[in-house]
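Numbering of the sequence shown is given in my numbering, commencing with residue 6 and proceeding in unit increments. Just so it is clear, CB atoms sit at the ideal spot from N, CA and C, and this is done for glycine as well. Nothing here was measured: the structure is a model prediction, and the numbers come from that model. Presented below is the structure to which this report refers.
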Amino acid sequence: MPLFGVEADAGAGVARGVRSAGASVGSVGLAGGAMSGVRPPLPGMCVLASGSSGNCSAVWVGDERDDGSSGASSGDAAGFGGTRLGDSRVGDSLDARRGLVLIDLGLSPRRTRTRLESIGLALELTGSVLITHLDSDHCHPGWCSERPKLPAGCEVFVPRRSRDRAKAMNLNAGRFHSFDGPFRTRIGLEASPILMGHDHHGCAAFRLTTARERAWARANGRGSAGTGIGYATDLGRATPALIAHLREVSVLAIESNYCPTLQLASDRSEALKRRIMGGRGHLSNEECLEAIRAIQPRDHVVLLHLSQECNCPHLVASLHEGADYPLTISSQEEATRWVRWGRAEM
Ligand SMILES: [Zn+2]
Numbered sequence: 006m007p008l009f010g011v012e013a014d015a016g017a018g019v020a021r022g023v024r025s026a027g028a029s030v031g032s033v034g035l036a037g038g039a040m041s042g043v044r045p046p047l048p049g050m051c052v053l054a055s056g057s058s059g060n061c062s063a064v065w066v067g068d069e070r071d072d073g074s075s076g077a078s079s080g081d082a083a084g085f086g087g088t089r090l091g092d093s094r095v096g097d098s099l100d101a102r103r104g105l106v107l108i109d110l111g112l113s114p115r116r117t118r119t120r121l122e123s124i125g126l127a128l129e130l131t132g133s134v135l136i137t138h139l140d141s142d143h144c145h146p147g148w149c150s151e152r153p154k155l156p157a158g159c160e161v162f163v164p165r166r167s168r169d170r171a172k173a174m175n176l177n178a179g180r181f182h183s184f185d186g187p188f189r190t191r192i193g194l195e196a197s198p199i200l201m202g203h204d205h206h207g208c209a210a211f212r213l214t215t216a217r218e219r220a221w222a223r224a225n226g227r228g229s230a231g232t233g234i235g236y237a238t239d240l241g242r243a244t245p246a247l248i249a250h251l252r253e254v255s256v257l258a259i260e261s262n263y264c265p266t267l268q269l270a271s272d273r274s275e276a277l278k279r280r281i282m283g284g285r286g287h288l289s290n291e292e293c294l295e296a297i298r299a300i301q302p303r304d305h306v307v308l309l310h311l312s313q314e315c316n317c318p319h320l321v322a323s324l325h326e327g328a329d330y331p332l333t334i335s336s337q338e339e340a341t342r343w344v345r346w347g348r349a350e351m
């Protein structure tokens with residue numbers, strides 16, 4: 006049954022290629038498949054934009070509430086936002102319809118709003134924001150001011166290692182939480198972070214699971230296989246720890262930043278090339294492919310952060326030809342299709 010641009014196969018729980026995507030080829034969907042005016046399936050993700058000019062993804066969890074049954078909410082609430090992590094009673098007093106979680110704020114507030122509207126969502130639905138790191142392509146200066154641009158009560162989470170920098174930047178008028186372990190958003194999305202060695206401050210990759218997925222896994226005596234979104238960008242390297250952390254997620258969103266041949270042939274400085282390719286920068290297309298093979302995502306792969314100068318979506322698509330997963334390639338210019346995650350029977 007076609008669901009908002011994604012076909013869910015009830016038997017295998019596999020999201021297949023999208024007929025309605027503007028530039029889809031077989032099971033590969035390039036950006037531009039988002040349908041406007043409709044809310045996504047539950048739960049789903051859509052990359053609003055990805056690349057060195059700005060990264061932001063939308064994760065829609067709807068009005069699912071925290072079931073309070075997993076005790077893994079050990080993140081550090083820095084106290085700026087006034088809510089305690091994992092405390093569903095706090096969520097009760099807030100707008101329970103705010104089922105939109107944003108990963109990174111790399112677009113300006115105005116562009117974020119416009120891009121969200123292009124997929125039928127309002128910025129006001131944002132209940133939580135997860136920041137991977139504070140580079141300007143992941144945290145636009147427009148979100149750092151005395152007057153918060155996010156809806157009142159929206160919780161913002163930054164890696165603990167970036168806390169001082171976020172304070173100095175005045176991110177969300179200083180209202181944010183920091184984390185260095187698993188935490189839960191008020192809507193019940195559990196974020197399990199792992200810190201990667203990107204540049205000086207590092208970058209968080211996440212495994213995200215909903216309360217419904219966790220309840221389903223418990224009821225069926227399953228582990229985490231086939232559940233959650235893995236979100237991994239600006240990685241440097243795909244380490245064994247990252248691979249173990251994201252293994253067998255339902256949907257894997259991972260960077261495929263550059264083609265080494267195009268990178269070496271570009272007129273970028275040698276220092277920049279070294280920074281990108283030296284293990285604390287970005288993943289090449291081949292390193293990304295290797296990581297996907299090791300992680301073995303169950304349902305869908307979304308590629309992030311393609312370099313506009315040193316990569317090409319068609320080249321990337323050809324590298325994944327014949328793969329047993331549907332593929333979505335994000336872009337800077339337009340939102341991707343919605344990608345459902347989790348098993349159909351959940
Ligand atoms: Zn980046």
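query, result
"Assigned secondary structure, Ala230 (DSSP; H/G/I helix, E/B strand, else coil)", "coil"
"Euclidean distance between Cα positions of Arg342 and Thr333", "8 Å"
"Coarse secondary structure for Thr244, derived from DSSP in three states", "coil"
"Among Thr215, Met50 and Val256, nearest to Ile300 - alpha-carbon criterion", "Val256"
"8 Å contact criterion, which Leu311 and Ser261 should meet: CB distance rounded", "6 Å"
"Per-residue DSSP class, three states only, for Leu130", "helix"
"Pairwise C-alpha distance: Leu288 and Cys264", "9 Å"
"Buried versus exposed, by CB contacts within 10 Å (16 or more), Glu326", "exposed"
"Cα-Cα separation between Leu105 and Ala276, rounded to whole angstroms", "39 Å"
"Three-state secondary structure assigned by DSSP to Gly179", "helix"
"Closer than 7 Å: Asn60 CB and nearest ligand 1 heavy atom", "yes"
"Heavy atoms of ligand 1 versus C-beta positions, residues under 5 Å", "Asp142 and Asp239"
"Cβ pair Gly241, Met282 closer than 8 Å", "no"
"Ile199 versus Ala54 - alpha carbon distance", "23 Å"
"Reference Ala237, options Arg280, Tyr330, Leu176 and Leu251, closest by Cα", "Leu251"
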